[in-house]
Amino acid sequence: MSAPQNLRYLQTHEWHRLDGDTVTIGITQFAADELTDITYVALPKVGQKLAANGRFGEVESVKATSDLYSGVGGTVTEINGELANNPGLVNTDPYNKGWMIRLKADNPADAQKLLSADEYLKKTGH
Amino acid sequence: MDGLKRTPFYDFHVAAGAKVVDFAGWQMPLLYRGIVDEHEQTRNSGSVFDVSHMGRLYFRGKGAGAFLDHVLTRNVAAMKVGQSRYSLVCNSTGGVMDDVIVSRDERHWLLVCNASNRKKLSRYFAAVVQEKSFDVEIDDRTESTAMAAVQGPKVIDKLSEVLPTDLKAMKRYTFANDEVMMTRYTVSRSGYTGEDGVELILPAKAAGMAMKMLGEHTDRPGATIRPAGLGARDTLRLEAGMPLYGHELSETSDPLSSGLAWAVDLGGKDFVGAEALRELMGRGLKRRLVGLEMEGRRIARQGSAVMQNGQTVGEVTSGTFGPTLGKSVAMAFVEVGIAEGAAVEVDLKGARNPATVVKLPFYKRESSSK
């Protein structure tokens, strides 16, 4: 199992890509593999405010339903509308086409406190 | 995974790249390539499932038929050699202890039960034998044998190339004993996927050879028969409207409400639970098992409330996204007044998702063979 070095993680398997005060969030390959074939992704509305470590949606597969969390607080600026028609993108390309939401972070420095790739892999035992 | 049992196919699962999970005390393959892929392979061609975790109990002795008639809801003593029947084991209040398939052979009876209920049934059967002094010996051969389900529209043709048994002549719910390459096996025309197919029981030692005998490399794309795991087994049985113990069946629910009156012979004989079930018939059922077609792609899960006009009218027992149907579907117990076609809502953590009550099964294969 691997995780891209340039991303930050939550133990609940969300990745965060930092670009100034914009944070893009999705779930890791490990999480997508665990869930198996994803059939639905429930995402927030643009403009919704999220607290740090707050729940922003749900991901469903033929196997299970899981909550989605954001490691940083902020306002949702964009959601990945492609996932409504093609939720399987989360399985096939979790770090790129399978991204879920973009946030304008309240405090971009908070993102640096999230787990590094190595810490994520260690904490999740993979 | 200490203390977990491995089936005789375990090495095959690992070599085939299976994701292995703990299921009822066994290390079982959840999936190999993906649940949807394996589901579609089963509907379109063929799959082999390891079902060795299911219990295989053999009954011998003069009183075996009478004993089984006493503990099973189905009239089985009148069965002919070579026949199999789906039946239930009920407790004295009519609750379901397990659903099983019983087969009559020349010198014994075979009962296949759920892995999760095997120990419970063994204890219960032993107690009944002692209490009622039935002349029957029970032999649990679950761990000395292997069992595989081979399911899909192309498997009868494919297996006919490698097995001496005339599978095409066999009707559904019949079985035969045969031998191939010095290995004895039992094959029955049955399954849990909504497709045609067979279930095979063979000595544990022959498991590796059996996988090779499927005649080609099952791990190759395009193979007629490829391995499938428990994940696909669940989506397949759900589309086919088949009940699963712990979901549609439990000790606190009765078989009549679960739509299994056809597997309960209330007319002809007495069996454990018969009295309670006759009483229930007299009073009338309060709820029944139905299908739900969900609007949209969200999945209803076991325990989700079914609502109508703001009132709770039922509860979901199983739900999934049906790959063949292309729809989110569920099974649920609802009040008997709620008819097919009725509009309901399923509570998904506070969000009300519209759904329509439909007849089970959701999926029925086209072929006429039964």
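If you read the protein sequences in the order shown, they are chains A and B.
Sequential numbering of the first sequence, starting at 4, is according to the numbering used here.
Sequential numbering of the second sequence, starting at 21, is according to the numbering used here.
For each residue, glycine too, the CB sits at the ideal point set by N, CA and C.
Could you check where the beta strand (DSSP E) with residue i kicks off and where it finishes?
i	result
residue 118 (chain B)	116 to 124
residue 107 (chain A)	104 to 108
residue 87 (chain B)	It is not in any beta strand (DSSP E) - residue 87 (chain B) instead sits in the alpha helix (DSSP H) that spans 84 to 91.
residue 39 (chain B)	39 to 43
residue 72 (chain A)	68 to 73
residue 124 (chain A)	It is not in any beta strand (DSSP E) - residue 124 (chain A) instead sits in the alpha helix (DSSP H) that spans 120 to 126.
residue 331 (chain B)	331 to 342
residue 104 (chain B)	104 to 110
residue 30 (chain A)	25 to 30
residue 80 (chain A)	77 to 82
residue 59 (chain A)	57 to 64
residue 159 (chain B)	157 to 160
residue 195 (chain B)	195 to 200
residue 19 (chain A)	17 to 22
residue 129 (chain B)	129 to 133
residue 165 (chain B)	165 to 171
residue 67 (chain B)	67 to 70
residue 76 (chain B)	75 to 80
Express the C-alpha separation of residue j and residue i in angstroms, rounding to a whole number.
i	j	result
residue 21 (chain B)	residue 312 (chain B)	Any reading at residue 21 (chain B) needs caution, since the residue's pLDDT is 49, under 50, leaving its predicted position unreliable; the model's value is listed next. Those two C-alpha atoms are separated by around 37 angstroms.
residue 58 (chain A)	residue 72 (chain A)	4 angstroms
residue 36 (chain B)	residue 29 (chain B)	11 angstroms
residue 327 (chain B)	residue 65 (chain A)	23 angstroms
residue 225 (chain B)	residue 105 (chain A)	55 angstroms
residue 343 (chain B)	residue 363 (chain B)	23 angstroms
residue 371 (chain B)	residue 266 (chain B)	25 angstroms
residue 392 (chain B)	residue 303 (chain B)	No information on residue 392 (chain B) is available, as it lies outside the stretch 21 to 390 that chain B covers here.
residue 44 (chain B)	residue 114 (chain B)	24 angstroms
residue 357 (chain B)	residue 305 (chain B)	10 angstroms
residue 314 (chain B)	residue 320 (chain B)	8 angstroms
residue 46 (chain B)	residue 26 (chain B)	6 angstroms
residue 191 (chain B)	residue 18 (chain A)	54 angstroms
residue 262 (chain B)	residue 35 (chain A)	28 angstroms
residue 125 (chain A)	residue 117 (chain A)	14 angstroms
residue 166 (chain B)	residue 270 (chain B)	26 angstroms
residue 213 (chain B)	residue 103 (chain A)	34 angstroms
residue 255 (chain B)	residue 77 (chain A)	39 angstroms
residue 14 (chain A)	residue 232 (chain B)	42 angstroms
residue 34 (chain B)	residue 309 (chain B)	38 angstroms
residue 39 (chain A)	residue 161 (chain B)	34 angstroms
residue 130 (chain B)	residue 93 (chain A)	46 angstroms
From what residue to what residue does the alpha helix (DSSP H) around residue i run?
i	result
residue 295 (chain B)	294 to 303
residue 203 (chain B)	Taken as a continuous stretch (DSSP letters only), residue 203 (chain B) belongs to no alpha helix (DSSP H), being part of the beta strand (DSSP E) at 203 to 208.
residue 30 (chain B)	30 to 35
residue 55 (chain B)	55 to 64
Taking all protein chains shown into account, do 16 or more other C-beta atoms lie within 10 angstroms of the C-beta of residue i, making it buried, or fewer, making it exposed?
i	result
residue 31 (chain A)	buried
residue 7 (chain A)	exposed
residue 100 (chain B)	exposed
residue 216 (chain B)	buried
residue 58 (chain B)	buried
residue 137 (chain B)	buried
residue 95 (chain A)	exposed
residue 115 (chain A)	exposed
residue 64 (chain B)	exposed
residue 68 (chain A)	buried
residue 329 (chain B)	exposed
residue 278 (chain B)	buried
Classify residue i as helix, strand or coil using the three-state DSSP reduction.
i	result
residue 138 (chain B)	helix
residue 89 (chain A)	coil
residue 98 (chain A)	coil
residue 315 (chain B)	coil
residue 39 (chain A)	coil
residue 180 (chain B)	helix
residue 389 (chain B)	Because the pLDDT at residue 389 (chain B) is just 47, under 50, the model does not fix this residue reliably, and the value given afterwards should be weighed accordingly. Residue state, collapsed to three classes: coil.
residue 12 (chain A)	strand
residue 152 (chain B)	helix
residue 233 (chain B)	helix
residue 360 (chain B)	coil
residue 257 (chain B)	helix
residue 345 (chain B)	coil
residue 214 (chain B)	coil
residue 49 (chain B)	strand
residue 328 (chain B)	strand
residue 115 (chain A)	helix
residue 144 (chain B)	helix
residue 377 (chain B)	strand
residue 371 (chain B)	strand
residue 225 (chain B)	helix
residue 174 (chain B)	coil
Hey, does residue i have any beta-carbon neighbour from chain E nearer than 8 angstroms?
i	result
residue 255 (chain B)	Of the protein chains in the structure, A and B, none is chain E.
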